[in-house]
Structure formats: structure tokens, C-alpha cells
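**Student:** Could you have a look at this structure, given as C-alpha cells, before my questions?
Chains as they are written, first to last, in the numbering used here: chain B, 1396 to 1753; chain V, 25 to 443.
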């Protein structure tokens, strides 16, 4: 075969190789986020939050929300009656806690920061690793986590069923019958769906009040959506893609690093990846990142400006940003402008023991 | 009168030579609701994120299959045009006027997971100065009608490591992109240099197929197999091929962070005789007496804060049959570019740049020796989503030749509009 013939055959070989590779690609595993429907695919524009979608399996009612609120603030759900949902998801701490990670029963420290409950209704998956597909499912987890509430579902149900006030409330909401873990979870989730912050100054700005943001905050919005690359992950009204990214956060125990999403999917690409948290109300709940390793918004932005940390599985979205001091200040100012002004959410106070069902 | 006409021809030719089609694609910004600076240091120059987005087939890095296709979004069409005022001065006179320098119509998007496309059409723009041949003669347009790009991208055939571009595309050996050059009128001179009888245009988009990919640690490659004449159809049966290898040290892509070095080589053939050639039904010619040529070079991109120093140089060697000065010797030349960019103000609203171009032709071709010193300042009127306007001031001073050296100066003030 002469040289000229070879050159004519080469493109055909390349094309065949390409088709073969395409076939391989088609056999790839499905993306890990199966719960996100196609309408939610891809970056959404920043804007005010839409109404919460209520799952048909768990319709809202005033009585159910009230019951859920009682359960949310009731430490009797834990094994030693010291830890409630609100202990780690405290309204006064932006529905998270002081961190850096959360303290459970008997002073045990968890490995991760408490994700905020506010606006969690908009998250397609729950927990930092997304192991839970719904608020209802999520609500069951911490009760029997040995580090968090340290109880069993059975023991928790016995406790609740022994409290006449709860028996009445459950009967009012779910009718006659034994109290179940699912009912507890449904009620807590119903309450959590009311913890929605729709009225930050950013929201007012987006609704047309262009005077409400300062010049620096407007500049921060531009950078958030541009040079800062923030909206590559913190997109849409919820300011989160609900997906999982490895930011290169140095593990606290390098010999036993937190596997993140990998623990759920066993996909090597998910090693060390954690769910994108919402930026709404972020100013209320330092420290930041899944392990609370960045103490302030300023240090968090420095972290991103460096392009995150070093990790062999570092997300390709992480690149150094080259932000100036003013641009960093503008970003911080904008994130502070995402703090909610909703009185109904800000006014939620822990329910004192004396006012819990007896 | 003759002097006037000569002057007009000179300025028209100069503008045609200087002007270049460039790309920024606000259709993507519209799709995502992002500002331009998500992908651009300042449009049209890509930042690291934008480079990864492009490499990933116009899909957000790591998000292939998790975003909308063109069927779920607004029509992905974008437009870019530049219009303004130029003042050109050479040894024969001074010429000035308002111009439309270029117009790009772009469409791009994702068709299916890991299958995307890019289409760029540059319509013909008439140049009034051509009217000296008579009204409507159509000579010397400011921009020729062309399908600058029309390609499909098959991404992640092997995740990150193998992507294919098929069609007409900007070849990856252009580590410094001439299509996303911040300068509007001052080109990369060595890209455009055509010496001797070889018509190969280094700056041209090529028709063919290219494989490219990246590996952990910042190593990237590109391998192409193309017509080589930058045109449709080809003028010979031989195809050209090229390879490029680059390595980024540190985080980023070397566009806006990290330090990148790269080497590239292009090997091709061009016909030297069409006297006995025939043409296929689709227009391909079998040009005779194909002779080979190659280009070998390297580039670097260094970043510090918002400063970016880019440089590249290559050596060109064409077969002696292309040498119209000394046919006993190969036609050898070299040249390069050094460009220092700075971005400042919030969200990179202000961009300043200095650039030096040099071209060194072989002995005997000194009249084509060239040095060009350029500077620009650009100010972006907004940081909006999917639309932007830049106020652009650019100056170039060129010296051409050695003995009978000519000098020219071009100052331009224009608006660069991208929608």
C-alpha cells in the first residue's frame, strides 16, 4: 500500500474509532442525580424563590405543620432527651448551628456541618452526600444516628406515643391508629416546608426595587454571576444546583477522609464531593463548607479565589478567580444581601419544654 | 486622481488585512443567564472556565448531560459586530473614515449529551473604497462571506481524554487563539504571513477532523487531520496533519491562572502545479506536484494576578519549490508574538494590552520583514447577561522591510457589540 492510499484510509479509521467510542459512551452509567427532572436540568437564572412544591403523598395542613413544629423542637426524640432537630438546625443560627461541625448526644461531634433547614424544601436531595431523596426521608435519619440523636425509631415512637398531647395531635392529623415513624417524618417535613425565605433585599431587587441594593452589592451580584463563577454551581432561585462537587477541602483526617457522595454512589468521580449548599441566608450561619473549615465569608471567598484546595478529584469548575480586594468585598456584601427579611421565619423561636405536648 | 485611488486601495487593503473575524458567543450566556465574565476574562478572550467549557463541547465542565439542549432553550443565535472610526497613515498619505469592521453571526449549543455544534457565518461587508472600480464592482470588501466554522463536537468519547471535532473548526495548534484575540485590527502577523509560493494560511480555520483531550495534571493534546488549504473544497488529495501538546502548571488552564507551555507542529502539502489537474463533482482538485512544508513552534502563557503574558513563535519551512527567491533552497522563516494583557476595575471592566509581532523571512525576502508594536484599551460599558458593548481604542505601528523600510500607523476607536 502506498503512502497516498494510507492517507485516504486514515479518516475512515478515525471515524470508526469515533463511532466505537460513542458506543462506549452510550453505555456509561446514568448520572447520579436521577431525582432531578429534565425541567430542572442546567443552570437556572437567579431570582426569587417560587412556591414550594408539596408532594401529593404528604399534603400540608395547619395541624400537621403545628405537629411538625412541636416534634422539630422536642429533644425527647433523642435517646437521652437532650437533642432536638433544632439543636443542630437552630433558627437563630440560620437554621444551622455554631459549628464547625455539629454536636450530638453525649457531646459527640459529627464529621460534617449541619445543613440549613431553611429552604431545604427546594433541594432535590438531602444531606451533604444526597443520600436522602426527600425531606420526609431525611427526617428519619438523625433520630437513629448514634452520633446525633442516638435513638431507635421504635424507642422514639414509644416515647411519643406515651405523651398524651402528641397522641391527640397525631390523631387530629393522621386519624386513629398507631403513631408511625413515617407520620413523624411527614409532620416534621411539613413544618420544614414552611421554613422558606422569600424576602431578601436581593429578592426585592429582582422584583423591581432597584434602590434596595447598594452599588457594592450590585457589583457583587455581577461578580457572583460572572467573574466569581459562583452561579456555575449556586444557580437559580435556590442558589444551588443540588449537585455534588469536590472543592478540594483538605480532610481533617487524611488517613480516613470523608468520602462524601462516593459513599452513596460508589462512583469514583464522586469521591470527596459534597452537595452545593444554598447561599441564601449564608451570612447567618458561619462557618462554611461541609466541615465548617472556613470561619468567615471573607475566608470562604479567599478559598474560592485560590481555586479551592488540592485534590486529585478536584471539580473542573474550580479555577482560581483572580478577584481583587474590592471584588471580594463586593461578593461578601452581595451574599449578606441574600439574608432574609421574612418575619414569619425570623420569628420562629425554640419552643420551651413547658410548651411542648405533655 | 491616481494618487487618491492608490491611497484608497492601500487603506482598503490594509483594513482587510488587519480586520479579522472574532468570536464570543452570548447565546451561551443567554442559555445560562450568566454574565460574559463567566467564560471570558473580558470578551472575547476566554478565561480558564471558558476554556474548559469550550473543551468540553460547550457543556459546563463536569456537567455533561445535566443541562438543557438547544431544543429546550431559546434559539441559540448570537451576533457580534464592530463599528467605529479609523485613522491610517503611511508614507503615501493619511486616510480616515467610519467603518463596519466585521460582523459575525453565530449559533452554537448542545444537541444531545456530549454532542454539540458551532456555526459561525461572516457575511460579506462591502467596502465603499472599492467603488473606484465602479459602483457595485464588489472588489475589496471589508469582509468576505464565509462559513468560518461549522462543526460538530463529540465530547467525552473517553471522559475528558478524547473529544472529536468534525467539520470546519479553529485548530487547536493555535494555542493563542486568533479568533478570540482582543485586538480588532491588529492580527497575529505570523499567523497571516504568506511568503513564497505556499498559500498555506496558519490563521485559517480548517476542514477536517480533530481529536483532543486532557489528562490529570494539566496535560492536553490535540491531533488533527485536515484539508490544509483552509477552504472548501480541497486543492489536493494529500491531507495535512498536526499535533499540539500543552501542559499547565498550577491550577487553571493558563488562560487566566496557572502557567502554560505548549509545543506544536503542522505538516502539510500544497500543490505547485494545477496545469493538468481535474476537479471532482464536489469541487476537490488534484493539484499536481504536491510539495511539503511544516511549522514547528512553542508558546507560553504566564499569569500573575490579572496580568497575562502570552508569547508564541514558530519556524516555517517550505519546500524549495515554494521558494520564489532562491529555488535551490527551502523557504525558511520564523516569527512570533508577545502580548501582555491586564484586566482591571470591577469585573474586569477595563482591559489594557501591549503586543509585539515580528516576522523574519528568509534572506532575499527582507522586504517582508515586519515588526509591529500595538497597544489597546478597552472599556466595557456593562457586566450584563448575554449582551455587552466595549469601547475600544487600538493603535498599531508597523515597520515593513529592511532597506526601503515602510512604516504605517493605524489608530482605531470603535464599539464592539456582542449580543
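Beta carbons: idealized from backbone N, C-alpha and C, even for Gly.
Model, not experiment: these values are computed from the prediction.
Beta-carbon within less than 7 Å of residue 1749/B's beta-carbon, same chain only, minus the 5 sequence neighbours each way: which residues are those?
**Tutor:** For residue 1749/B, where only same-chain residues beyond five positions count, there are no Cβ hits under 7 Å.
**Student:** Taking only beta-carbon positions, decide if residue 297/V is within less than 8 Å of chain B.
**Tutor:** No, residue 297/V does not count as interfacial toward chain B.
**Student:** Determine the burial state of residue 429/V: buried for a count of at least 16 other Cβ atoms within 10 Å of its Cβ, exposed for fewer.
**Tutor:** Burial call: exposed.
**Student:** Who are the neighbours of residue 1622/B on chain V, taking C-beta pairs under 7 Å?
**Tutor:** The contacting residues are 61, 371, 372.
**Student:** Leaving out five residues before and five after residue 1589/B in sequence, what residues of the same chain have Cβ atoms less than 6 Å from its Cβ?
**Tutor:** 1460, listed in sequence order.
**Student:** Taking the DSSP output, what are the residues bridged to residue 417/V?
**Tutor:** Answer by DSSP bridge pairing, in chain order: 401/V, 437/V.
**Student:** In chain order, what residues of the same chain lie with their CB nearer than 7 Å to the CB of residue 178/V, ignoring the 5 residues before and after it?
**Tutor:** Correct list, in chain order: 138, 139, 187, 188.
**Student:** Kindly provide the ranges of any alpha helix (DSSP H) runs that are 4 or more residues long and lie completely inside the region 1682-1721 of chain B, ordered along the chain.
**Tutor:** Listed in chain order, they are 1692-1700.
**Student:** Taking a Cβ distance cut-off of 7 Å, strictly less, list which residues of the region 73-103 of chain V are near chain B, in chain order.
**Tutor:** From the region 73-103 of chain V, only 73, 76, 84, 85, 86, 89, 90, 91, 92 have a Cβ closer than 7 Å to chain B.
**Student:** Within the 8 Å Cβ cut-off, does residue 245/V reach chain B?
**Tutor:** No, its Cβ sits nowhere closer than 8 Å to a Cβ of chain B.
**Student:** For a contact defined as C-beta to C-beta under 7 Å, what are the partners of residue 330/V on chain B?
**Tutor:** The answer, in chain order, is 1717.
**Student:** Should residue 334/V be labelled buried (16 or more other beta-carbon atoms within 10 Å of its own) or exposed?
**Tutor:** It counts as buried.
**Student:** Count the other CB atoms, across all protein chains shown, that sit within 10 Å of the CB of residue 1691/B; report buried if there are 16 or more and exposed otherwise.
**Tutor:** Under this definition residue 1691/B is an exposed residue.
**Student:** If you draw a straight line from the alpha carbon of residue 224/V to that of residue 342/V, how long is it in whole angstroms?
**Tutor:** Between residue 224/V and residue 342/V, the C-alpha separation is close to 10 Å.
**Student:** Strictly below 7 Å CB to CB, what residues from chain B border residue 407/V?
**Tutor:** In chain order: 1617, 1621.
**Student:** Output, in chain order, the set of chain B residues within a Cβ distance shorter than 7 Å of residue 271/V.
**Tutor:** Those do not exist, as residue 271/V stays about 16 Å from chain B at its closest Cβ, beyond 7 Å.
**Student:** When the Cα atoms are used, what is the spatial distance from residue 220/V to residue 383/V?
**Tutor:** Whole-angstrom Cα-Cα distance: 14 Å.
**Student:** Given residue 332/V, which residues of its chain have a CB within under 6 Å of its CB, disregarding the five upstream and five downstream residues?
**Tutor:** Correct list, in chain order: 365.
**Student:** Does any C-beta atom of chain V lie closer than 8 Å to the C-beta of residue 1572/B?
**Tutor:** Residue 1572/B does not count as touching chain V.
**Student:** What span of residues does the alpha helix (DSSP H) with residue 1458/B cover, start to end?
**Tutor:** Unbroken alpha helix (DSSP H) run through residue 1458/B: 1457-1467.
**Student:** Take residue 1542/B as the anchor and find which of 1594/B, 1673/B, 1509/B, 1513/B has the nearest alpha-carbon.
**Tutor:** Checking every option, the nearest Cα to that of residue 1542/B belongs to 1509/B.
**Student:** Could you tell me if residue 79/V is buried or exposed, where buried requires 16 or more neighbouring beta carbons within 10 angstroms of its beta carbon?
**Tutor:** So residue 79/V ends up on the buried side.
**Student:** Against chain V, does residue 1722/B count as a neighbour if the rule is that its beta carbon must be under 8 Å from one of theirs?
**Tutor:** Judged by the 8 Å Cβ criterion, residue 1722/B is in contact with chain V.
**Student:** Output yes or no for whether 8 Å exceeds the beta carbon distance between residue 7/V and residue 85/V.
**Tutor:** Only positions 25 to 443 of chain V appear in the structure, and residue 7/V is not among them; the question remains open.
**Student:** Does residue 288/V have its Cβ less than 8 Å from a Cβ in chain B?
**Tutor:** No, residue 288/V does not count as interfacial toward chain B.
**Student:** Beta-carbon of residue 275/V versus every beta-carbon of chain D: anything under 8 Å?
**Tutor:** The displayed structure is made up of protein chains B and V, and chain D is not among them.
**Student:** Would you mind reading off the limits of the alpha helix (DSSP H) that contains residue 1601/B?
**Tutor:** That run of the alpha helix (DSSP H) goes 1596-1601.
**Student:** Going straight from the alpha carbon of residue 193/V to that of residue 1513/B, what length do you get?
**Tutor:** Approximately 48 Å between the Cα atoms of the pair.
**Student:** Can you check DSSP and say which residues form a bridge with residue 377/V?
**Tutor:** Answer by DSSP bridge pairing, in chain order: 365/V, 400/V.
**Student:** Taking C-alpha atoms, which residue in 50/V, 57/V, 423/V, 119/V lies nearest to residue 142/V?
**Tutor:** Residue 142/V has its Cα closest to that of 50/V, out of 50/V, 57/V, 423/V, 119/V.
**Student:** My assumption, with CB atoms under 8 Å, is that residue 399/V sits in contact with residue 380/V. Please give the rounded CB distance.
**Tutor:** 10 Å between Cβ atoms; not a contact.
**Student:** Could you check which residue in 440/V, 323/V, 316/V has the C-alpha nearest to that of residue 269/V?
**Tutor:** Nearest C-alpha to residue 269/V: 323/V.
**Student:** Interface residues of chain V around residue 1627/B at Cβ under 9 Å?
**Tutor:** The contacting residues are 56, 58, 62, 73, 84, 85, 87.
**Student:** Apart from the five residues just before and just after residue 134/V, which ones in its own chain have a Cβ nearer than 8 Å to its Cβ?
**Tutor:** So the qualifying residues of the chain are 81, 82, 83, 91, 92, 93, 94, 140.
**Student:** From residue 1598/B to residue 1733/B, what does the alpha carbon distance come to, in whole angstroms?
**Tutor:** Taking the straight line joining both Cα atoms gives about 8 Å.
**Student:** For the alpha helix (DSSP H) containing residue 1569/B, list its first residue and its last residue.
**Tutor:** Start and end: 1559-1569.
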